[in-house]
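Scroll down for the structure; my scribbles are underneath it.
2 protein chains.
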Amino acid sequence: MRSHCYADGVPRKVDVEAQRAGIAAAVLRLAARSGLEAVSLREVAAEAGVSMGRVQHYFRTKEEMLLHGVRLAMRRMETRIADRLRRLPDEVGEEQVLRAAIDEVLGDHPETRQVIRASVAYYARAQENAEVFEVLFGDDAVLHDLAAHVVRTAQAEGRAPAGLDPEQEARVVWSLADSLGIKVAFGQTSSEQAMATMRYHLDRVLGCEAHPGV
Amino acid sequence: MRSHCYADGVPRKVDVEAQRAGIAAAVLRLAARSGLEAVSLREVAAEAGVSMGRVQHYFRTKEEMLLHGVRLAMRRMETRIADRLRRLPDEVGEEQVLRAAIDEVLGDHPETRQVIRASVAYYARAQENAEVFEVLFGDDAVLHDLAAHVVRTAQAEGRAPAGLDPEQEARVVWSLADSLGIKVAFGQTSSEQAMATMRYHLDRVLGCEAHPGV
DNA sequence: GCTTTTACGATGCGATCGCATTGACATGGG
DNA sequence: CCCATGTCAATGCGATCGCATCGTAAAAGC
């Protein structure tokens, strides 16, 4: 009746990754709620409902624990976007991928807002810790290229207005999504308002189409 | 030969506001450098080069000190924008005001970056502390109205493309400025790159004109 | 001139911090 | 069966935390 019982009677070790993920989830909740100041080993242990010794067993230092926390945040975001794509009819184009990612960022699901708030809490640390910087911003180039390609496709199909610079438009789109996502996560704006603004902008750049969400 | 000597031999009290500002400046430096986690009474005292007793004398609690810090940040930003306007030829229109504010946000002057990084460090606290929220985001409505009005003017003068929604465009412009400003402050993007993106966008919304800066 | 107020510096308190150590217990391999 | 290993809970350490208190020296008020 221990929490780390074995599955199917197969005698095995404790699921290390699951334990780490449980603790990292507590880190995320605390960071999202009150910033990194509130993240101490004792608080994390209490939030995760485990002993402090357990936390220290799975993370050698606080730094390592924090890094694992922000990694979990990004992984969750990717998972949620992938789930969203899976719910769409098959054969999604790149524009659907872009729109799904933006929808996720601007949505008001509590977990999304938690991840975004936690990410912002890590910003200061990203300046001093290259690994945190990489986790937070490492995927930006891929997302940028995705947006730029979508713009180019819209141009090729004649849906986009003339004279657009796909590279600059990509920067605008993601900057907009970032900023609106943060505003939603911190309660400055409603999710609906942010999605309306995003849809307004995308309609002018990619042409007006019927889309679920933004 | 004390640091709080009187000016002109006039026996007066210590300049309370100057003392508080000096301490708040230290708070800003620490928050910008390493986040609010690094802001303790002892660290602030050391950074400001004063005793801990002095810090406690001018701020009854840490909370009050932090609030004064973020107020100083916003005040500095406004001052820097006002200075920028004063350097322009007189009779500035509202569009110049908007552009000056955006220029300041995207500029790579160390003090601007410090203020932006410090502001981001306060985001988590803004959720729990209504006063911090007000200081950080209280001016947003004014800035929004400014941008919307500038867009409307550009429309009236026939410089803007047809079919623009000034309210939405205002949201886009400020979201863009916020996001790019943060990216510059945290070293994700160069100031030049951010200004180029901003100029690119403004040219499409307000019409292309020759402007200093963005 | 004497008291009150202002402006600190210094020090101490209890709580909490990250981290290291220790030991109990359980498991699987030899 | 024994022991190496993995998995923790418990505890203690030195440092640091925010804050309260105390003492002092100087100016302000009477």
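Order-wise, the sequence lines are chains U and B.
According to this note's numbering, the first sequence is numbered sequentially starting from 1.
According to this note's numbering, the second sequence is numbered sequentially starting from 1001.
Glycine residues also receive a C-beta, built at the ideal position from the N, C-alpha and C atoms.
Listing by chain order, which chain B residues have their CB less than 7 angstroms from the CB of U/G35? Reading the first sequence from its first residue, position 35 is the one you call residue 35 of chain U. In chain order: L1036, A1124 and R1125.
| field | Residue range of the unbroken alpha helix (DSSP H) whose run includes U/A160 | value | On the first sequence, residue 160 of chain U is found 160 positions in, with the first residue counted as 1. U/A160 -> no alpha helix (DSSP H), and no H or E assigned at all.
Cβ distance (whole Å) where U/A24 is taken to contact U/G69 below 8 angstroms: Start at 1 with the first residue of the first sequence, and residue 24 of chain U comes out as number 24. Start at 1 with the first residue of the first sequence, and residue 69 of chain U comes out as number 69. The Cβ separation is near 5 angstroms, so the contact holds.
Note to self: Using a 10 Å radius around the Cβ and a threshold of 16 neighbouring Cβ atoms, would you call U/E95 buried or exposed?
What the structure shows: As a first step, residue 95 of chain U must be located in the first sequence, where it is residue number 95. Looking at its Cβ environment, which holds 16 or more other Cβ atoms inside 10 Å, U/E95 is buried.
Checklist line | B/T1197: contacting residues in chain U (beta-carbon distance under 8 angstroms) | finding: Sequence index remark: in the second sequence, residue 1197 of chain B carries index 197 (1-based). The answer, in chain order, is Q168, R171, V172 and S175.
Can you find at least 3 beta carbon pairs, one from the segment 71-82 of chain U and one from the segment 110-121 of chain U, that sit closer than 8 angstroms? yes
Q) To the nearest angstrom, how far is it from the Cα of B/R1087 to the Cα of B/D1103? A) The residue you call residue 1087 of chain B lines up with position 87 of the second sequence. The residue you call residue 1103 of chain B lines up with position 103 of the second sequence. Their Cα atoms are separated by approximately 13 angstroms.
- Just how far apart, CA to CA, sit U/A130 and U/F137? Here residue 130 of chain U is taken as the residue at index 130 of the first sequence, counted from 1. Here residue 137 of chain U is taken as the residue at index 137 of the first sequence, counted from 1. One C-alpha to the other measures close to 10 angstroms.
CB-CB under 8 angstroms to B/R1020, same chain, minus the five flanking residues each way: which ones, in chain order? The residue labelled residue 1020 of chain B in the question sits at position 20 within the second sequence. Excluding sequence neighbours, B/R1020 sits near Y1058, F1059 and H1068.
Review point. Among residues of its own chain, excluding the 5 on either side of U/L41, which ones have a beta-carbon nearer than 8 angstroms to its beta-carbon?
Key: Taking the first residue of the first sequence as position 1, residue 41 of chain U is located at position 41. For U/L41, where only same-chain residues beyond five positions count, the Cβ hits under 8 angstroms are M52, V55, Q56, K62 and M65.
Q.
Could you check whether the Cβ of U/H57 sits closer than 9 angstroms to any Cβ belonging to chain B?
A. For the purposes of this step, residue 57 of chain U is taken as the residue at position 57 of the first sequence. With 9 angstroms as the cut-off, U/H57 does not count as an interface residue toward chain B.
| query | Does the beta carbon of B/L1274 come closer than 9 angstroms to any beta carbon on chain U? | reply | The first residue shown for chain B is 1001 and the last is 1214, placing residue 1274 of chain B beyond what the model contains.
Handout entry: Residues that B/D1165 contacts on chain U, provided the C-beta gap is smaller than 9 angstroms
Key = By 1-based counting over the second sequence, the position of residue 1165 of chain B is 165. The answer, in chain order, is Y200.
TODO: Decide if B/G1107 is buried, meaning its Cβ has at least 16 other Cβ atoms within 10 Å, or exposed.
DONE: For the purposes of this step, residue 1107 of chain B is identified with residue 107 of the second sequence, where counting begins at 1. By the neighbour-count rule (16 or more Cβ atoms within 10 Å), B/G1107 is buried.
Exercise for the section: Could you tell me whether the segment 192-211 of chain U touches the segment 119-127 of chain U, where touching means 3 or more Cβ pairs closer than 8 angstroms? Expected result: no
inquiry  = Just to confirm before moving on: does the CB-CB distance between U/A38 and U/L30 stay below 9 angstroms?
reply    = As a position in the first sequence, residue 38 of chain U is number 38, starting the count at 1. As a position in the first sequence, residue 30 of chain U is number 30, starting the count at 1. In this structure, U/L30 lies closer than 9 angstroms to U/A38 by Cβ.
Kindly indicate if chain U contains any beta-carbon less than 9 angstroms away from that of B/D1103.
As a first step, residue 1103 of chain B must be located in the second sequence, where it is residue number 103. By this cut-off, B/D1103 is not an interface position.
* **B/A1154 vs B/G1207 beta-carbon contact at 9 angstroms** => Walking along the second sequence from the start, residue 1154 of chain B turns up at place 154. Walking along the second sequence from the start, residue 1207 of chain B turns up at place 207. Cβ atoms of B/A1154 and B/G1207: closer than 9 angstroms.
Whose CA, out of U/R159, U/L164, U/V50 and U/A194, lies closest to the CA of U/L176?
-> For the purposes of this step, residue 176 of chain U is taken as residue 176 along the first sequence, with counting starting at 1. Of U/R159, U/L164, U/V50 and U/A194, the residue nearest in Cα terms is U/A194.
- Query: Taking buried to mean at least 16 other C-beta atoms within 10 Å of its own C-beta, is U/D15 buried or exposed?
  - Reply: As a position in the first sequence, residue 15 of chain U is number 15, starting the count at 1. By the 10 Å Cβ count, U/D15 comes out exposed.
**Item:** Cβ-Cβ distance between U/D178 and U/V105 below 9 angstroms
**Value:** Locating residue 178 of chain U in the first sequence gives position 178, counting from the first residue. Locating residue 105 of chain U in the first sequence gives position 105, counting from the first residue. Contact flag set, yes.
Less than 9 angstroms between CB atoms is the rule here; does U/E47 satisfy it with respect to chain B? Taking the first residue of the first sequence as position 1, residue 47 of chain U is located at position 47. Judged by the 9 angstroms Cβ criterion, U/E47 is not in contact with chain B.
Using the beta-carbon of each residue, which ones in chain B are nearer than 8 angstroms to U/Q155? Reading the first sequence from its first residue, position 155 is the one you call residue 155 of chain U. Chain B residues near U/Q155: none, gap ~15 angstroms exceeds 8 angstroms.
Exercise. When burial is assigned at 16 or more other CB atoms within 10 Å of the CB, is B/S1190 buried or exposed?
Worked result: If you number the second sequence from 1, residue 1190 of chain B lands on position 190. When all chains shown are included, B/S1190 counts as exposed.
Tell me where the alpha helix (DSSP H) around U/D83 begins and ends. For the purposes of this step, residue 83 of chain U is taken as residue 83 along the first sequence, with counting starting at 1. First-last of the alpha helix (DSSP H) with U/D83: K62 to R87.
CA-to-CA distance, B/G1158 to U/A121, given in whole angstroms: On the first sequence, position 121 is the one that residue 121 of chain U refers to. On the second sequence, position 158 is the one that residue 1158 of chain B refers to. Looking at the two C-alpha atoms, the distance is approximately 44 angstroms.
- Item | Cross-chain neighbours of B/V1120 in chain U, by beta carbon under 8 angstroms | In the second sequence, counting from the first residue as 1, residue 1120 of chain B sits at position 120. Correct list: V120, Y123 and A124.
### Task
Give the straight-line distance between the Cα atoms of B/P1166 and B/A1100, rounded to the nearest whole angstrom.
Position 166 of the second sequence, counted from the first residue, corresponds to residue 1166 of chain B. Position 100 of the second sequence, counted from the first residue, corresponds to residue 1100 of chain B. Cα-Cα distance, rounded: 19 angstroms.
Using a Cβ cut-off of 9 angstroms (strictly closer), state whether B/R1117 contacts chain U. Here residue 1117 of chain B refers to the residue found at position 117 when the second sequence is read from its first residue. Cβ-Cβ to chain U under 9 angstroms: yes for B/R1117.
Worksheet item: Count the other CB atoms within 10 Å of the CB of U/G49; is the residue buried (16 or more) or exposed (fewer)?
Response: The residue you call residue 49 of chain U lines up with position 49 of the first sequence. Per the 10 Å Cβ criterion, exposed.
If you run the structure through DSSP and keep just helix, strand and coil, what is B/Y1122?
Counted from its first residue, the second sequence places residue 1122 of chain B at position 122. Correct three-state label for B/Y1122: coil.
Contact under 9 angstroms by Cβ, U/L146 with U/V205:
As a working note, residue 146 of chain U is residue 146 in the first sequence. As a working note, residue 205 of chain U is residue 205 in the first sequence. Contact flag unset, no.
Discussion item. When you compare the CB of B/D1083 with every CB in chain U, is at least one pair closer than 9 angstroms?
Written reply: The sequence position of residue 1083 of chain B within the second sequence is 83, counting from 1. Not an interface residue.
Review point. Between U/I116 and U/G187, is the Cβ-Cβ spacing less than 9 angstroms?
Key: By one-based count along the first sequence, residue 116 of chain U stands at place 116. By one-based count along the first sequence, residue 187 of chain U stands at place 187. Cβ atoms of U/I116 and U/G187: not closer than 9 angstroms.
- Message: Strictly below 9 angstroms CB to CB, what residues from chain U border B/E1091?
- Response: One-based indexing of the second sequence puts residue 1091 of chain B at position 91. None at all; the shortest Cβ gap to chain U is about 31 angstroms.
Would you say B/G1187 reaches chain U, if we count a Cβ-Cβ gap shorter than 9 angstroms as a contact? Position 187 of the second sequence, counting from 1, holds the residue named residue 1187 of chain B. Answer yes: the Cβ-Cβ gap between B/G1187 and chain U drops below 9 angstroms somewhere.
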